[in-house]
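Notes to accompany the following structure.
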């Protein structure tokens, strides 16, 4: 559930603790997805509040304005864009950031959760393959 590390660090940690691959995978995926709805629902409100602050407000106002402008342009690609972004198993490209991007783009909740969820599942498979090795799956 930790930002940045997410399941990219949790799956190797579970393997180091001796957890079976399937239990490790399921627990890590569920743990990674747990904060996503909260982040999605509150991210936009937090950005709006931050945009009202005197010193840092203009920076966040610019982020909101840019996201609103781009939302219409990339609406056709937002599902696959979020999916691919979350599926890439690199620090900073996980469910937390995907939820923030989806909220900033004002994606529909169900569409965002599906794209993020599929991305987390895919990322979990990639990290599991790298951690446990392909032969241990069979």
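In the numbering used here, the protein residues as written are 727 to 864.
Here a beta-carbon is modelled for each residue, glycine too, at the ideal position from N, C-alpha and C.
In this text the structure is predicted, and so the values were computed from the model without any measurement.
Buried or exposed by the 16-neighbour rule on C-beta atoms within 10 Å, applied to residue i
i	result
residue 815	buried
residue 751	buried
residue 795	exposed
residue 808	buried
residue 756	exposed
residue 826	buried
residue 772	exposed
Residue-level contact to chain D via CB, residue i, 7 angstroms cutoff
i	result
residue 774	The structure shown contains no chain D, having only a single protein chain.
Collapsed DSSP secondary structure at residue i in the structure displayed
i	result
residue 751	helix
residue 759	helix
residue 851	helix
residue 746	coil
residue 819	coil
residue 779	coil
residue 825	helix
residue 814	coil
residue 792	helix
residue 834	coil
Given residue i as reference, the closest of the options once Cα atoms are compared
i	options	result
residue 776	766, 788, 765 and 767	788
residue 845	783, 832 and 828	828
residue 734	825, 780 and 818	818
residue 754	741, 764, 763 and 824	741
residue 765	791, 824, 790 and 786	824
residue 806	781, 770, 767 and 837	837
residue 835	782, 768 and 781	768
Residue i and residue j closer than 7 angstroms at C-beta
i	j	result
residue 813	residue 849	yes
residue 746	residue 857	no
residue 833	residue 804	yes
residue 821	residue 793	no
residue 842	residue 731	no
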